[in-house]
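Chains as they are written, first to last, in the numbering used here: chain B, 1 to 292; chain S, 293 to 712.
Data first, discussion second: the structure below is written as structure tokens.
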Amino acid sequence: MTRRLELALLLGPALLLFVGFVLAPIGVAAYYSLYDWQGFGSLTDFVGLGNYRDVLTGAVFQGAVLHNLVIVVLSLVVQLPVSVALALLLNRKLRGRAVLRLVVFAPYVLSEATTAVIWLLILQPGGFVDQLLSGLGLHALIRQWLADPRVVLLTLFVVITWKYIGFGIILLLAGLQGIPRELIEAASLDGASPWQATRGVVLPLLGPTIRIWIFLSVIGSLQVFDVVWIMTLGGPANASTTMATYLIDHGFKRYEFGYGSAVAVVLFIICFAFALVYQRFALRRDTEGALR
Amino acid sequence: MRSIRPLAVLAAALLVAACGPSGTAGSGALTWWHNGTSDPVKSLWQSVADSYHAAHPDVTITVDPIQNEQFQTKVPLALQSDSPPGLYQQWGGGQEASQIKSGKVLDLTSSVSGWIGQLGQAAAGWQVDGKQYGVPYDQHVVGFWYRKDLFARAGIGAPPATMADFTADLGKLRAAGVTPVAIGSKDRWPDAFYWDYFAVRECATDVLRQSVKTLKLDDPCWLKAGQDLAALLAENPFQQGFLGTPAQQGAGSSAGLVANGQAAMELQGDWEPGTMASLTEDKDFAAKLGWFPFPTVEGGAGDPGVTLGGGDGFSCTTAAPPACPDFLKYIAGVEVQTKLAAAGIGLPVNPDAASALKDPTLKAVFDYSRKASYVQTYFDVAMPTAVGQALNDAIANFMAGKGTPAGIVQSVGQAATGDR
């Protein structure tokens with residue numbers, strides 16, 4: 001009896017919040033998504049899965065999914081190696097290590113909106129980046145960073161990387177702290193070079209941290225919104241539209257809340273499916289024993 | 293890459309719906325959402341609220357200035373909740389018609405019938421099916437704002453009256469090393485002004501009236517509008533990287549470029565001098581700024597006297613205290629309208645206040661709009677929201693090199709029939 005009371009008392013509030021703010025909205029969104037609804041008045045125009053068909057066959061939405069995937073892949077291919085390298089560097093005893101760690105982590109502390117506005121100023125035509133490049137004699141590299149449909153997604157990826165690389169590094173640094181020094185010493189006593197010790201001992205032991213980082217990075221990349229919305233509104237010509245900006249554009253700006261809900265559900269399913277598969281195949285070893 | 297979770301938005305909606313304080317009606321407290329986030333609008337509305345409160349001590353007004361773009365998201369959420377603001381920014385047209393479906397927008401017809409006639413045609417844009425759901429406080433005209441000093445430097449004596457003159461002037465400005473036209477294409481809506489105006493010049497007034505109602509753009513004039521726009525784009529009139537330029541934020545925006553003499557003109561509403569003035573430190577700026585109407589298009593079936601415009605207004609909600617319509621009357625009255633005109637905020641909706649327009653350029657704009665044979669409301673506002681936005685997106689894509697004149701026309705028909 002005491003145990004039940006204890007459970008209810010401890011789990012109750014969390015469960016209530018989870019149901020109220022996670023499960024219920026998902027259910028409500030799924031319900032709305034079956035209607036053609038402008039957001040006002042009652043739901044009368046039932047369209048079944050019509051909204052989903054429109055979402056999945058729409059060229060702009062398909063483009064948005066592609067843009068999200070590009071960001072996912074670039075994050076893994078670019079951010080991961082850079083994060084690991086910088087984390088290994090910052091884990092060594094160097095002069096000014098604390099300052100360097102602070103500098104690397106600082107952008108993560110800024111809000112996304114602040115980041116976006118700062119970079120808007122830096123990237124405007126004739127702005128800091130353009131002047132820096134021409135000062136270095138690299139005129140040829142100057143692009144219309146936010147106005148050229150071929151460049152804009154890469155520009156946004158750079159901004160996102162600048163913002164989030166610090167988080168990855170801090171995560172990996174924490175992982176590195178957890179690796180016992182004795183193992184590395186033992187490896188070097190056995191004649192391993194520092195590179196061999198890193199490859200053979202440190203990186204495998206960093207595996208769980210890297211796998212968690214990948215998980216967070218992919219989910220974040222699929223949901224990226226703020227930076228894109230503030231810097232380009234998804235433009236020009238939908239060249240930087242992501243699933244989340246598409247959702248706001250159609251759900252709110254066009255007052256198509258039923259359709260917008262369908263987009264939200266699709267986004268949710270994509271993220272959820274990834275999370276399940278990743279948990280099942282990549283994170284299982286790491287969480288063994290913790291979850292049953 | 294943590295980011296806004298779309299579902300959280302719905303959660304927020306749910307929260308607002310579930311936990312909002314129950315109605316403030318009758319309590320005499322009026323919450324007022326308006327888009328005047330900077331002076332002089334901000335202080336005008338504050339003083340209007342204060343003086344109304346002084347005359348009616350039982351009505352307390354909480355003024356809440358909100359960024360223009362945020363109304364798109366905040367108003368639908370608020371109207372679904374039990375605690376919408378009592379009074380909020382309202383642009384009329386198709387969007388107002390959508391909002392009425394919430395049942396939370398107050399029908400003002402009977403409470404304003406005694407005085408709304410004073411505003412003349414201006415109030416018509418806030419009617420839906422003959423009922424008044426909002427009241428405008430100013431009217432807008434879109435036209436070209438230009439730098440007299442830069443036009444003079446390029447050797448342009450008088451502003452262009454025809455599209456042929458306009459094109460010739462683009463060349464003169466370029467030759468003088470001046471960026472001819474600034475545009476804030478990042479925000480998309482400034483793009484629409486160009487297509488909208490070409491349509492107004494190409495289409496007969498009857499066609500304009502009919503098509504906005506039927507949402508069928510069958511007349512060939514609509515296609516011509518896109519072709520005219522293509523011809524203009526071929527002249528490369530805009531600043532470098534215009535697709536990424538915001539319209540109104542910062543010195544790098546299109547308004548800022550004109551304000552700081554980095555571009556010679558901009559197609560914008562009559563509000564633009566106020567926006568520009570806040571983006572420059574040039575004290576003589578106002579004297580350098582001139583205005584001319586959108587040039588006539590050769591062979592166009594449109595009446596050259598038709599203007600593109602709209603206006604700003606307010607709607608009361610069912611959560612407002614009974615004094616709300618009276619407050620709207622006060623705003624549309626000569627006293628406030630005179631202040632609004634004198635501060636150079638906009639063109640008054642009450643003709644009795646027109647004499648207070650100090651700026652001779654704005655006075656000229658006002659006279660021009662009074663003489664207009666017909667005022668076409670911006671198509672994105674006049675049409676249902678989903679259709680108007682689809683049109684604006686198609687125009688913006690076209691400006692970015694994606695799409696065709698026929699595609700712009702089709703976007704309206706597709707959106708109107710629920711096709712995406």
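Where a beta carbon is used, it is the ideal one built from N, C-alpha and C, also for glycine.
Is B:Thr115 buried or exposed, if buried means 16 or more other CB atoms sit within 10 Å of its CB?
-> Within the first sequence, the letter at position 115 stands for residue 115 of chain B. Buried: at least 16 other Cβ atoms inside 10 Å.
S:Ala611: which of S:Pro332, S:Leu379, S:Gln359 and S:Ile353 sits nearest, CA to CA?
-> Locating residue 611 of chain S in the second sequence gives position 319, where the first residue counts as 1. For the residues S:Pro332, S:Leu379, S:Gln359 and S:Ile353, the minimum Cα distance to S:Ala611 belongs to S:Leu379.
What is the rounded straight-line gap between the Cα of S:Ser607 and the Cα of S:Lys440?
-> Here residue 607 of chain S refers to the residue found at position 315 of the second sequence. Here residue 440 of chain S refers to the residue found at position 148 of the second sequence. Computed Cα separation, rounded: 39 Å.
Could you tell me which uninterrupted alpha helix (DSSP H) segments, each at least 4 residues in length, are contained entirely in the segment 461 to 526 of chain S, listed from first to last along the chain?
-> 481 to 494, 497 to 506 and 512 to 526
Sequence ranges, beta strand (DSSP E) only - wholly within the segment 585 to 668 of chain S, length at least 3 = 598 to 608
Name the two residues that bound the continuous beta strand (DSSP E) containing S:Leu322.
-> For the purposes of this step, residue 322 of chain S is taken as the residue at position 30 of the second sequence. Looking at the DSSP string, the run of the beta strand (DSSP E) that includes S:Leu322 is Ala321 to His326.
Say whether chain S places a C-beta atom closer than 9 Å to the C-beta of B:Glu256.
-> For the purposes of this step, residue 256 of chain B is identified with residue 256 of the first sequence, where counting begins at 1. At least one chain S Cβ lies under 9 Å of B:Glu256.
What residues in its chain sit with their C-beta under 6 Å from that of S:Leu509, if we drop five residues either side in the sequence?
-> The count along the second sequence starts at 1 and reaches residue 509 of chain S at position 217. Once the five neighbours on either side are set aside, the close Cβ partners of S:Leu509 are Ser503, Val701 and Val704.
In three-state terms, what does DSSP make of S:Val701?
-> If you number the second sequence from 1, residue 701 of chain S lands on position 409. In this structure, S:Val701 counts as helix in the three-state DSSP scheme.
Say whether chain S places a C-beta atom closer than 9 Å to the C-beta of B:Thr232.
-> Start at 1 with the first residue of the first sequence, and residue 232 of chain B comes out as number 232. Yes, because at least one Cβ of chain S sits closer than 9 Å to the Cβ of B:Thr232.
In three-state DSSP terms, what is S:Ala446?
-> One-based indexing of the second sequence puts residue 446 of chain S at position 154. Here S:Ala446 sits in coil by DSSP.
Looking at B:Gly166 and B:Ile210, is the spacing between their C-beta atoms short of 9 Å?
-> For the purposes of this step, residue 210 of chain B is identified with residue 210 of the first sequence, where counting begins at 1. For the purposes of this step, residue 166 of chain B is identified with residue 166 of the first sequence, where counting begins at 1. No, Cβ-Cβ distance for B:Ile210 and B:Gly166 is not below 9 Å.
Spatially closest choice to B:Val82 from B:Asp249, B:Asp190, B:Ile170 and B:Asp54, by CA coordinates | Counting from 1 along the first sequence, the entry for residue 82 of chain B is found at position 82. Looking at the Cα atoms, B:Ile170 is the closest of the given residues.
Using the C-alpha atoms, what's the distance from B:Arg199 back to B:Val263?
-> Residue mapping note: residue 263 of chain B aligns to position 263 of the first sequence, counting from 1. Residue mapping note: residue 199 of chain B aligns to position 199 of the first sequence, counting from 1. Roughly 43 Å separates the two Cα atoms.
Which residues share a DSSP beta bridge with S:Ile353?
-> For the purposes of this step, residue 353 of chain S is identified with residue 61 of the second sequence, where counting begins at 1. Answer is S:Leu322.
Chain B within 9 Å of S:Gly315, Cβ atoms only | Your numbering for residue 315 of chain S matches position 23 in the second sequence. Per-residue confidence for S:Gly315 stands at a pLDDT of 36, beneath the threshold of 50, marking its modelled position as unreliable; no derived number is given.
Which of helix, strand or coil DSSP assigns to B:Gly27 = Residue mapping note: residue 27 of chain B aligns to position 27 of the first sequence, counting from 1. Residue state, collapsed to three classes: helix.
Does the distance from the CB of B:Ile248 to the CB of S:Thr365 come in under 9 Å?
-> Numbered from its first residue, the first sequence carries residue 248 of chain B at position 248. Numbered from its first residue, the second sequence carries residue 365 of chain S at position 73. Yes; because the gap between Cβ atoms is below 9 Å, this pair is in contact.
Taking all protein chains shown into account, decide if B:Met243 is buried (16 or more other Cβ within 10 angstroms of its Cβ) or exposed.
-> Reading the first sequence from its first residue, position 243 is the one you call residue 243 of chain B. Flag for B:Met243 reads buried.
Starting from the N-terminal side, write out each stretch of the alpha helix (DSSP H) that is 4 residues or longer and does not extend beyond the segment 168 to 232 of chain B.
-> 181 to 189, 194 to 197, 203 to 223 and 226 to 231
Counting contacts by CB-CB distance shorter than 9 Å, is B:Ala237 in contact with chain S?
-> Locating residue 237 of chain B in the first sequence gives position 237, counting from the first residue. Taking Cβ atoms only, chain S reaches closer than 9 Å to B:Ala237, which makes this a yes.
Between the CA atoms of B:Gly260 and S:Gln373 - distance to the nearest angstrom | In the second sequence, counting from the first residue as 1, residue 373 of chain S sits at position 81. In the first sequence, counting from the first residue as 1, residue 260 of chain B sits at position 260. Just to set this straight, residue 373 of chain S is Ser in the shown sequence, not Gln. Answer to the nearest angstrom: the Cα atoms are 19 Å apart.
Distance between beta carbons of S:Asp651 and S:Arg480, contact taken as under 8 Å = The sequence position of residue 480 of chain S within the second sequence is 188, counting from 1. The sequence position of residue 651 of chain S within the second sequence is 359, counting from 1. About 29 Å separates the two Cβ atoms, so there is no contact after all.
Assign S:Glu564 to one of two classes, buried (16 or more other C-beta atoms within 10 Å of its C-beta) or exposed (fewer than that).
-> One-based indexing of the second sequence puts residue 564 of chain S at position 272. Counting Cβ neighbours within 10 Å, S:Glu564 comes out buried, since at least 16 surround it.
Since S:Arg439 is in the alpha helix (DSSP H), which residue starts that stretch and which ends it?
-> The residue you call residue 439 of chain S lines up with position 147 of the second sequence. No alpha helix (DSSP H) holds S:Arg439; the beta strand (DSSP E) holding it covers Val427 to Arg439.
Measure the C-alpha to C-alpha separation of B:Leu11 and B:Cys271 and round it to an integer number of angstroms.
-> Looking up residue 11 of chain B in the first sequence gives position 11. Looking up residue 271 of chain B in the first sequence gives position 271. Answer to the nearest angstrom: the Cα atoms are 26 Å apart.
Beta-carbon neighbours of B:Leu146, restricted to chain S and to distances below 7 Å = Numbered from 1 along the first sequence, position 146 holds the residue referred to as residue 146 of chain B. In chain order: Gly536.
Evaluate B:Ala273 with the Cβ neighbour count: other Cβ atoms within 10 Å of its Cβ, from every protein chain shown; 16 or more gives buried, anything less gives exposed.
-> On the first sequence, position 273 is the one that residue 273 of chain B refers to. Burial call: exposed.
Within 9 Å (strictly less), CB to CB, does S:Arg466 reach chain B?
-> Reading the second sequence from its first residue, position 174 is the one you call residue 466 of chain S. Cβ-Cβ to chain B under 9 Å: no for S:Arg466.
Would you kindly check if the distance between the Cβ of S:Val673 and the Cβ of S:Gly594 is under 9 Å?
-> Here residue 594 of chain S corresponds to residue number 302 of the second sequence, with the count starting at 1. Here residue 673 of chain S corresponds to residue number 381 of the second sequence, with the count starting at 1. Not closer than 9 Å, so no.
Anyone know if the C-beta pair for S:Gly435 and S:Tyr660 falls short of 9 Å?
-> As a working note, residue 435 of chain S is residue 143 in the second sequence. As a working note, residue 660 of chain S is residue 368 in the second sequence. Cβ atoms of S:Gly435 and S:Tyr660: closer than 9 Å.
Buried versus exposed call for S:Gln359 [16 or more other C-beta atoms within 10 Å across all chains shown] | Numbered from its first residue, the second sequence carries residue 359 of chain S at position 67. S:Gln359 is exposed by the Cβ-count criterion.
How far does the alpha helix (DSSP H) with S:Gln372 in it reach, from first residue to last?
-> Sequence index remark: in the second sequence, residue 372 of chain S carries index 80 (1-based). First-last of the alpha helix (DSSP H) with S:Gln372: Phe363 to Gln372.
Run of the beta strand (DSSP E) containing S:Ala555, from where it starts to where it stops | Stepping through the second sequence from its first residue, residue 555 of chain S is reached at position 263. Counting along the chain, the beta strand (DSSP E) containing S:Ala555 begins and ends at Ala555 to Gly561.
On the DSSP bridge assignment, give the partners of S:Gln424 in chain order.
-> Taking the second sequence and counting its residues from 1, the one referred to as residue 424 of chain S is at position 132. Its beta-bridge partners are S:Gln419.
Measure the Cβ-Cβ separation of S:Ile475 and S:Leu559 and say whether it is below 9 Å.
-> Numbered from 1 along the second sequence, position 183 holds the residue referred to as residue 475 of chain S. Numbered from 1 along the second sequence, position 267 holds the residue referred to as residue 559 of chain S. Yes, the pair counts as a contact, with Cβ atoms nearer than the cut-off.
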